[in-house]
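> Numbering (the working numbering), first residue to last: 28 to 384.
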């Protein structure tokens, strides 16, 4: 059985009519007119862009095609996929849409009242759970587009492939509501940050400073953990106030993007609380352990940066946005486990040369 849909490769705004078939554990997409192959997506890398209720169009994403989108109108396809992919099944709510929407809007109204009565810092913890994942993804993409304007990205193919493999290993054990998109910026600063909706930036300086792929994996897992815990979105809510809150709750992503046009710089310099860092450390290390990756790299990286940072505090900007202290380093040490290398020698070399394209 085939389903009609629309395909966008992410390289342009053009979208194409396609037919979609579920064949085993693959989605096979063909041209809608000539039935020629367009792409095949494995279920292992498949995800949904947002929560889906019966009767709503379904927007599929895939970790191997981070810019592409596949839209299918018939929820029958999703009902066939759900038994094969539990992660997708959790985001499909069948016939529960209207009642659930009432509950969500009631919660959203309560969250706004909390924001007014108790103030944004407290209310942000409540508000973030009422913002649709689709809105977060859209905001994150817009924030990243703004941040990357005028900055050089590192895109050497072999380096991108190595980074993609590492990201996929961690994403497979992360209970995230959206796929992760990781970009490397050609900047000597030793830093990294997570934006809303699964967007992550690593600076070239961080990769240069790392002595092993395990250290890069540790930082990447930590930033992914911030994303899973929705810390970037909560941080923005704390700082931009009520206007973006209303835009978020009422689904007006374009207005929200205008209100946080400098959000990329804000997130780059955002100093996380000790509580947030402890949560991200614990979850990030658990992800590394679950993926079978040697998790001792994060503690080794932090220990060395802490010792070296006195010489150039501005260069080691990671420590200002992710403050270190002895208890945090000791906790990382206790949670770390031995495992397989994050990347093989050739892949690690390729990642180190990712900016030499």
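Ideal Cβ placement from N, Cα and C applies to all residues, glycine included.
Are there 16 or more other CB atoms within 10 angstroms of the CB of residue 113, so buried, or fewer, so exposed?
Answer is exposed; the Cβ neighbour count stays below 16.
> Does the distance from the C-beta atom of residue 166 to that of residue 118 stay below 7 Å?
Contact flag unset, no.
> Use the C-beta contact count for residue 363: other C-beta atoms within 10 angstroms, 16 or more gives buried, fewer gives exposed.
Answer is buried; the Cβ neighbour count reaches 16.
> Apply the 10 Å Cβ neighbour rule to residue 361 and answer buried if 16 or more other Cβ atoms are within range, or exposed otherwise.
The residue is exposed, with fewer than 16 neighbouring Cβ atoms inside 10 Å.
> Using CA coordinates, which residue listed in 84, 246, 300 is at the minimum distance from residue 323?
With distances taken between Cα atoms, residue 323 lies closest to 246.
> CA-CA distance, residue 46 and residue 330?
Looking at the two C-alpha atoms, the distance is approximately 53 Å.
> Helix, strand or coil: which one does DSSP assign to residue 330?
Residue 330 falls in the helix class under three-state DSSP.
> Which value, in whole angstroms, describes the spacing of the CA atoms of residue 50 and residue 177?
Cα-Cα distance, rounded: 43 Å.
> What span of residues does the beta strand (DSSP E) with residue 174 cover, start to end?
From DSSP, residue 174 is part of no beta strand (DSSP E) but of the alpha helix (DSSP H) over 160 to 175.
> Would you kindly check if the distance between the Cβ of residue 233 and the Cβ of residue 219 is under 7 Å?
Yes; because the gap between Cβ atoms is below 7 Å, this pair is in contact.
> With residue 193 and residue 244 assumed to form a contact (beta carbons below 8 Å), what rounded beta-carbon distance in angstroms separates them?
6 Å between Cβ atoms; contact.
> Whose C-alpha, out of 241, 261, 308, 88, is nearest the C-alpha of residue 250?
Selected option, being the one with the closest Cα: 308.
> How do the segment 174 to 189 and the segment 92 to 109 stand: do at least 3 beta-carbon pairs fall below 8 Å, yes or no?
No: fewer than three Cβ pairs fall under 8 Å.
> Out of curiosity, what's the CA-to-CA distance linking residue 229 and residue 237?
The alpha-carbon atoms of residue 229 and residue 237 are separated by roughly 12 Å.
> Do you know whose CA, among 239, 354, 256, lies nearest residue 225's CA?
The shortest Cα separation from residue 225 among 239, 354, 256 belongs to 256.
> Could you tell me the alpha carbon to alpha carbon distance between residue 116 and residue 56, rounded to whole angstroms?
Roughly 21 Å between the two C-alpha positions.
> Are there 16 or more other CB atoms within 10 angstroms of the CB of residue 375, so buried, or fewer, so exposed?
Residue 375 is buried by the Cβ-count criterion.
> Please report the straight-line C-alpha distance between residue 332 and residue 356, rounded to a whole angstrom.
When rounded, the distance between both Cα atoms is 11 Å.
> I'd like to confirm the pairing. Which residues does DSSP put opposite residue 57 in its beta bridges?
Answer is 46, 64.
> Please classify residue 259: is it buried, with 16 or more other beta-carbons within 10 angstroms of its beta-carbon, or exposed?
Buried, because 16 or more other Cβ atoms sit within 10 Å of the Cβ of residue 259.
> Does DSSP classify residue 361 as helix, strand or coil?
In this structure, residue 361 counts as helix in the three-state DSSP scheme.
> Assign residue 230 to one of three DSSP states: helix, strand, or coil.
Note: residue 230 maps to strand in three-state DSSP.
> Any idea what DSSP makes of residue 100, helix, strand or coil?
The answer is coil: DSSP assigns residue 100 none of H, G, I, E or B.
> Please report the distance separating the alpha-carbon of residue 28 from that of residue 54.
Cα to Cα, residue 28 sits roughly 12 Å from residue 54.
> Rounded C-beta distance between residue 320 and residue 241? I'm assuming under 8 Å.
Contact holds; Cβ gap of about 7 Å.
> How many angstroms separate the CA atom of residue 68 from the CA atom of residue 52?
Rounded to whole angstroms, residue 68 to residue 52 spans 9 Å at the Cα level.
> According to DSSP, is residue 319 helix, strand or coil?
Note: residue 319 maps to coil in three-state DSSP.
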